[in-house]
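Novice: Quick mapping for you: the protein sequence lines, in order, are chains S and A.
Here this note's numbering is used: position 8 in the first sequence is 8, and no number is missing along the way.
Quick note: to get this note's numbering, add 1000 to the position in the second sequence (first position is 1).
Every residue, glycine too, gets a C-beta built ideally from N, C-alpha and C.
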Amino acid sequence: MKLGAYLKDHFYQFLIFLICSIFQILIFLSFKVNLSVILSSTFLYVVCFFLVLFIPYFRKKKFYNELLSNIQALDKSYLVLETLTKPEFYEGELIYQALYEINKSMNENVRMMEEHLQDFKEYIEMWIHEVKIPLSTLVLISNNHKEQFDKKTKLQLKRLENYVDQVLYYARCENAEKDYLIKEIELSQVIKNVGLQNMDEILENKIDYIVDNVHAKVLTDSKWLEFILGQIIHNSMKYKRSIEHSYIKISVIEKQDKIILIIEDNGIGIKESDLKQVFDKSFTGENGRNTNQSTGMGLYIAKNMCVKLGHKIEIESVYGEYTKVSITFAKNKYYDVLK
Amino acid sequence: MYKIMIIEDDKNICDELARLLENHNYQTILLKDFENALHEILEVSPDLILLDINIPYISGEVLLQDLRKESNIPVIMVTSMNSEIDEALSISYGADDYITKPYNPNILLLRIGAVLKRTKTNYQNHELTYKELKFDSQKGMIKKGEIEIELTKNEMILFAYLLNHQNKIVSREELMTILWDNSEYVNENALTVNMSRLRNKLTEIGYENAIDTRKGLGYILL
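Shown next, in the form of structure tokens:
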């Protein structure tokens, strides 16, 4: 609350006071009242005026200043009401009451939205479990009747499966609730599972899956990590170069305080101008536009999941040469001590 | 022949799963009476159970807990619930393995084979035989009389698989899956090379044409 602004706001009171004083002095003069009486009564009048003007200012100042500075200081400014002491002047009480009502209605609204979102998420999860049943049946049918369904069917089913999983993990990681379980996981096991899940596509694309010595234990949710690696490998397959020896190379670097998992390919790479945005939602970039098969969601979801799990995911690339994705897992000393 | 019980309420999956397993020399039984599931399981007494979590009357997890009070029949959970939490719970209730839908049929077969091998003691034997040839999978040697030939890891994996499926056509895909499952991430060419090396070694020891190629289908050990 600024004094200048407050005074400006009360300019009309000052004006009324001034006009009244002038009239009073004129009246006194017309009645030929003694000068000392005029002066003393005018002085009293001025003092009274300033008291009337400033006492409310100091009363209100404390409340309004607290309100404004707390709003600034809080990152969730809608919680400001909780931090204020209840004001003792009428105007402040009105504001306080209004804020309370607004907050209450807002909270109800937010809760309703949260319930809505939760319902939606539950429905999506249920739907995904449901859709996986006919999908499994189709996979089995295509496997049992190879004479009728060739490899193409299988690969299309695999694509479908990947899109369904994207929705599932999107729903899971956008939600505030904890849907993962962090355990000590052997990386080679995760890499093997991802390899097996994508074996048909890797072989179909004539890509070599090169796995270096990757025996290391990390703390993560293996299902989530499998999905993340799956997205990276899908990209490698989607954006491979038409050269003789395409590869996806997976290796692990162990450092004192961290373990870095590296997935490198010799695909078409990513233009430098696009590189910063590959983890953005719905970003497809030059490569995506050229192949027309990109949703721009895979890496976005992967990044979000890494953030939730506490891993760092980074991407490095030279256009026309390679793409290298690294995921960094922190080593947990507390956990080592427990062991 | 091993008896595998399928506990799953979607009829289409049941039928196709049964067909897949029967094609691979397993006898299959479908659970009919979900209301008295435990009773029926114990009556049939299968060698292995494929159990879904979402089944009528009782959840698969509860059924598993009840079953564990009575019997140690190996159980593989087969489900579309694919979170780590579900898996950890199932394992803690006593499941032997956990596979999520939609599964790769070859991987499912491998897991079934692995669980059976682990739980059935009579399969602990490391020495397999093919005609007069002895195969020691621990040392990685094939032996016939005085002649001994060493196999590489990949050749061993391939030979062991062919031997376990003797007189049946084995697809390249199945062979690929078993190699990858053993962390040998070979490509199509490497598989061809490995197969021809294995063939040469078998020829060397006196079994020419033991492995036959069936165009478009795979290989067969005769």
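S222(S): which of M237(S), F54(S), D179(S), I38(S) sits nearest, CA to CA?
Specialist: Per the C-alpha coordinates, the member of M237(S), F54(S), D179(S), I38(S) positioned closest to S222(S) is D179(S).
Novice: Taking 8 Å as the threshold (beta carbon to beta carbon), is Y1161(A) in contact with chain S?
Specialist: no
Novice: Are the CB atoms of L261(S) and V278(S) within a distance shorter than 8 Å?
Specialist: Result no, Cβ atoms of V278(S) and L261(S) do not sit closer than 8 Å.
Novice: Pull the bridge partners of S246(S) from the DSSP assignment, please.
Specialist: I207(S)
Novice: On a CA-only basis, which of G320(S), M106(S), I253(S) is nearest S77(S)? Give me that one, please.
Specialist: M106(S)
Novice: Is it the case that the stretch 315 to 329 of chain S contacts the stretch 268 to 286 of chain S, given that we only count it when at least three CB pairs across the two stretches are under 8 Å?
Specialist: yes
Novice: Indicate whether L157(S) and V194(S) have their beta-carbon atoms separated by less than 8 Å.
Specialist: no
Novice: So is L135(S) in contact with chain A if we call contact Cβ pairs under 8 Å?
Specialist: Yes, contact with chain A.
Novice: Starting from R1214(A) and walking both ways along the beta strand (DSSP E), at which residues does that stretch end?
Specialist: 1211 to 1214
Novice: Pair every Cβ in the stretch 58 to 65 of chain S with every Cβ in the stretch 89 to 105 of chain S, then say whether three or more of these pairs are closer than 8 Å.
Specialist: yes
Novice: Which residues mark the beginning and the end of the alpha helix (DSSP H) in which L381(S) is found?
Specialist: Residue 381(S) lies beyond the residue range present for chain S, which begins at 1 and ends at 339; the question has no answer from this structure.
Novice: Taking 8 Å as the CB-CB cut-off, is L203(S) touching chain A?
Specialist: yes
Novice: In chain order, what residues of the same chain have a beta carbon less than 8 Å from the beta carbon of K1153(A), not counting five sequence neighbours either side?
Specialist: G1140, N1182, E1184
Novice: Which chain S residues are close to S1083(A), counting only those with a beta carbon under 7 Å from its beta carbon?
Specialist: D179, K223
Novice: For Y209(S), which residues in chain A fall below 7 Å Cβ to Cβ?
Specialist: Y1185
Novice: Kindly list the residues whose CB is nearer than 8 Å to the CB of L1038(A), restricted to its own chain and excluding five residues on each side of it in sequence; keep chain order.
Specialist: L1063, D1066, L1067, E1070
Novice: Could you tell me whether the Cβ atoms of K1201(A) and I1149(A) are closer together than 8 Å?
Specialist: yes
Novice: So what does DSSP say about E264(S), is it helix, strand or coil?
Specialist: E264(S) sits in a strand when the DSSP states are folded into three classes.
Novice: Please classify T323(S) as buried or exposed, where buried requires at least 16 neighbouring CB atoms within 10 angstroms.
Specialist: buried
Novice: Quick one: what does DSSP say Q1027(A) is sitting in, helix, strand or coil?
Specialist: DSSP places Q1027(A) in strand when its eight states are reduced to three.
Novice: What do you reckon, are the CB atoms on L1158(A) and K1144(A) nearer than 8 Å?
Specialist: no
Novice: Does any residue of chain A have a CB that is nearer than 8 Å to the CB of H215(S)?
Specialist: no
Novice: Which same chain residues end up closer than 7 Å to V218(S) when comparing Cβ atoms and leaving out the 5 residues on each side of it in sequence?
Specialist: The residues are I185, L187, I259, F329.
Novice: Quick one: grab the DSSP three-state call for V325(S).
Specialist: strand
Novice: Under the rule that 16 or more other beta-carbon atoms within 10 Å means buried, what is Y1161(A), buried or exposed?
Specialist: buried
Novice: Which word fits T1028(A), buried or exposed, when buried means at least 16 other C-beta atoms lie within 10 angstroms of its C-beta?
Specialist: buried
Novice: On a Cα-Cα basis, can you pick out the residue from L140(S), I102(S), L81(S) that is closest to I1013(A)?
Specialist: L140(S)
Novice: Kindly indicate which three-state DSSP category F1135(A) falls into: helix, strand or coil?
Specialist: strand
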